[in-house]
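This report refers to the structure that appears directly beneath it.
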Amino acid sequence: MLNCTEVTRLYSESLEHPLTLRQRMAVQSHAMMCSGCRNFGKQMHQLRSLSQQYVDRKDPPADA
Amino acid sequence: MMTEGNNSAAEESDAQQWQQQGSAQASLQDAAFLASLRQQMVKFATLQMNDRDLAEDAVQEALVAALKKADSFAGRAALKTWVFAILKNKIIDIFRQRKRQVNVSELIEDNQPLADAFSARGFWKPQRRPKNWGDTTDAVEDSQFWVVFETCLDGLPPRQGRAFMMREFIGLETDEMCAELNVSLSNLYVTLHRARLRLRECLEDKWFDGDCPLC
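Note that the protein sequences, when read in sequence, are chains A and B.
With my numbering, you'll find the first sequence wraps up at 244, consecutive numbering, no jumps.
With my numbering, you'll find the second sequence wraps up at 684, consecutive numbering, no jumps.
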């Protein structure tokens, strides 16, 4: 069984390269029981999406 | 971030008029708009390249390229997106051309606080456990959120911040990043992981957690 340190590391790496089937299964079975890691996994994608929106936006806050 | 032109009410409605007319060519002749755009671009490029002179050169080239094509664009927003796309490509070209010299100060890098988020056996400490952010749509539409986002970005240790921005803003591939930053792939993964851990915690504390005054 993986711990949260290992699972969060894998979630982060999955943004750079696909995980192996084995890694994905290990991450998913951990995440089923761990809301912290489940949320972390989702947030990795949200961070990427927010970053892309930040670049596209690129307006100084005063313009909004 | 202040724009360099002082926008009086008359100038603001002029700016709106330009947008309605949809003339990108007119935009580039609007000195206040151009100055503001240039400032944003220089800030963006300087963050990526850590070199103000190179950043200004890249911005200048991007704006010159933009002037040639300005008539193709229907409006200010489209022009801005496109100008930033040119700028990103210029930055990528510069990364590929130059030999990177490692800054000694960058080798001494933040290592600790994130280890403290996990217990000795590697599980989330209860008070550091990520919460559910829900839907980020409301945040994205709030200009205050982007102030917080930029603050959290600025709070990253320099090497983590630069790696994160190269990956997420410029979209460099990992092998290009290893060459540019002169690090191994595993080192790069660790750096990106730390950046994301730190950034997500900052955003959660300052925005998504709901206890903060700005939320």
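Glycine is no exception: its CB is placed at the ideal position from the N, C-alpha and C atoms.
Predicted model, so just to flag it, every value in this text is computed and none were measured.
Secondary structure in the segment 209 to 239 of chain A: the alpha helix (DSSP H) runs of 4 residues or longer, each lying completely within the stretch, are 215 to 237 in chain order. The Cβ atoms of lysine 559 (chain B) and alanine 524 (chain B) do not sit closer than 7 angstroms to each other. Excluding the 5 residues flanking it on each side, methionine 634 (chain B) has same chain C-beta neighbours closer than 7 angstroms at Leu516 and Gln517, in chain order. Each of B:Leu622, B:Asp644, B:Cys647 and B:Ala648 was checked against the Cα of phenylalanine 638 (chain B), and the nearest Cα belongs to B:Leu622. The way I'd put it, the segment 192 to 208 of chain A does touch the segment 648 to 661 of chain B; three or more beta-carbon pairs between them come closer than 8 angstroms.
Rounded to whole angstroms, the Cβ separation of leucine 548 (chain B) and alanine 539 (chain B) is 7 angstroms, and the two are in contact under 8 angstroms. Across the segment 584 to 616 of chain B, CB contacts with chain A closer than 7 angstroms involve Phe587, Arg590, Gly591, Phe592, Trp593, Arg598, Pro599, Lys600, Asn601, Trp602, Thr605, Val609, Ser612, Trp615 and Val616, in sequence order along the chain. Between glycine 221 (chain A) and tryptophan 593 (chain B), the C-beta spacing is not below 7 angstroms. Counting the other Cβ atoms within 10 Å of the Cβ of threonine 620 (chain B) gives fewer than 16, which makes it exposed. The beta carbon of alanine 514 (chain B) lies closer than 7 angstroms to those of Ala524, Ala527, Val528, Leu556 and Ile560 in the same chain, with the five residues before and after it left out. In the DSSP annotation of this structure, glycine 591 (chain B) is not part of any alpha helix (DSSP H), being labelled neither H nor E. Chain order gives no chain A residues near threonine 515 (chain B), where near means a beta carbon separation below 9 angstroms; the closest approach is about 14 angstroms. Of all C-beta pairs linking the segment 623 to 632 of chain B to the segment 601 to 612 of chain B, fewer than three are shorter than 8 angstroms, placing the two stretches out of contact.
Using a Cβ-Cβ cut-off of 7 angstroms, valine 235 (chain A) counts as an interface residue toward chain B, since at least one Cβ of chain B sits closer than that to its own.
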